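Trainee:
Written as structure tokens, this is what we have:
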């Protein structure tokens with residue numbers, strides 16, 4: 036009599052569906068929130084640990100990028116800035132993009148770069164890319180101080196539309212994590228992903 040192999044167990048996502056699996060995954064992440072916090076702090080400290088200027092790079096990096104792009108777009112290309120001071124006009128868009136691009140690039144390599152850790156102890160692997168994204172929020176906060184300084188320098192007042200900033204940032208944060216998670220998983224199997232992500236982000240910016 037011919038026998039057939041027993042059917043393999045279907046993945047949790049396939050059996051329950053995304054709508055039933057997602058609360059379970061979020062609950063597990065919430066239970067490891069202390070680990071997520073420690074991984075985020077560890078990533079922030081290691082980023083500038085051996086740098087001479089240290090956390091000053093969180094301010095200098097967007098400032099230097101703004102200076103270069105201001106020269107290129109306002110002087111060489113002579114693009115219109117809608118009547119606003121060009122550094123301020125440029126930096127308002129550059130700040131959230133810098134956060135997104137740096138967060139995605141860092142999160143893409145987060146799991147592959149922690150291979151020695153994930154093989155020793157179990158924890159939700161999603162914590163690594165999420166911690167990498169949250170670590171870039173610190174850089175965003177320093178960059179926001181520069182933006183406030185530019186508003187004061189150019190004596191430009193804010194409108195009530197600024198109240199939408201927390202909502203827009205929350206949407207961007209969720210989107211950034213959503214992009215980073217599959218890229219971090221793919222980079223485990225295809226190490227070319229990290230280089231493709233860098234090229235794609237550069238093209239996406241321009």
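Residue numbers (my numbering): 36 to 241. The C-beta atom is built at its ideal place from N, Cα and C for all residues, glycine as well. What you are looking at is a predicted structure, and each value in this text was computed from that prediction instead of being measured.
Output the distance between the C-alpha atoms of residue 44 and residue 214, rounded to the nearest integer angstrom.
Mentor: Bear in mind that a pLDDT of 42 at residue 44, under 50, signals an unreliable position, so the model cannot answer this.
Trainee: Count the other CB atoms, across all protein chains shown, that sit within 10 Å of the CB of residue 134; report buried if there are 16 or more and exposed otherwise.
Mentor: buried
Trainee: Are there 16 or more other CB atoms within 10 angstroms of the CB of residue 178, so buried, or fewer, so exposed?
Mentor: buried
Trainee: Let's see if you can read the secondary structure: which residues bound the alpha helix (DSSP H) around residue 137?
Mentor: 121 to 143
Trainee: Around the C-beta of residue 74, are 16 or more other C-beta atoms found within 10 angstroms, so that it is buried, or is it exposed?
Mentor: buried
Trainee: Are there 16 or more other CB atoms within 10 angstroms of the CB of residue 206, so buried, or fewer, so exposed?
Mentor: exposed
Trainee: Are residue 189 and residue 123 touching if we call contact CB-CB under 8 Å?
Mentor: yes
Trainee: Do you know how far the Cα of residue 159 is from the Cα of residue 199?
Mentor: Cα-Cα distance, rounded: 32 Å.
Trainee: Since residue 108 and residue 114 are thought to touch, with beta carbons under 8 Å apart, how far apart are those beta carbons, to the nearest angstrom?
Mentor: Residue 108 to residue 114, Cβ: 5 Å. Contact.
Trainee: Quick one: does residue 166 have its CB under 8 Å from some CB of chain D?
Mentor: Checking the listed chains, one finds no chain D in this structure; it contains a single protein chain.
Trainee: Compute the beta-carbon to beta-carbon distance between residue 219 and residue 143, rounded to the nearest angstrom, for a pair I have assumed lies under 8 Å.
Mentor: 6 Å
Trainee: Do residue 223 and residue 146 have their C-beta atoms closer together than 8 Å?
Mentor: yes
Trainee: Which same chain residues end up closer than 6 Å to residue 22 when comparing Cβ atoms and leaving out the 5 residues on each side of it in sequence?
Mentor: Absent from the model: residue 22. The displayed extent of the chain is 36 to 241, so no value can be given.
Trainee: Give me the Cβ distance between residue 104 and residue 130, rounded to the nearest whole Å; I'm assuming they're in contact under 8 Å.
Mentor: So it is not a contact: roughly 12 Å between Cβ atoms.
Trainee: Could you please give the first and the last residue of the uninterrupted alpha helix (DSSP H) stretch that includes residue 74?
Mentor: 68 to 82
Trainee: Residue 45 by DSSP, collapsed to three states: which one?
Mentor: Low per-residue confidence applies at residue 45: pLDDT is 43, beneath 50, and the placement is therefore not dependable, though the value from the model is reported in the following sentence. Three-state result, residue 45: coil.
Trainee: Under a three-way DSSP split, which group does residue 113 fall into?
Mentor: In the structure shown, residue 113 sits in coil (DSSP, three-state: anything other than H, G, I, E or B).
Trainee: For residue 177, name the three-state secondary structure that DSSP assigns.
Mentor: helix
Trainee: Given residue 187, which residues of its chain have a CB within under 8 Å of its CB, disregarding the five upstream and five downstream residues?
Mentor: none
Trainee: Candidates 96, 141 and 128: which alpha carbon is nearest residue 168's?
Mentor: For residue 168, the nearest C-alpha among the options comes from 141.
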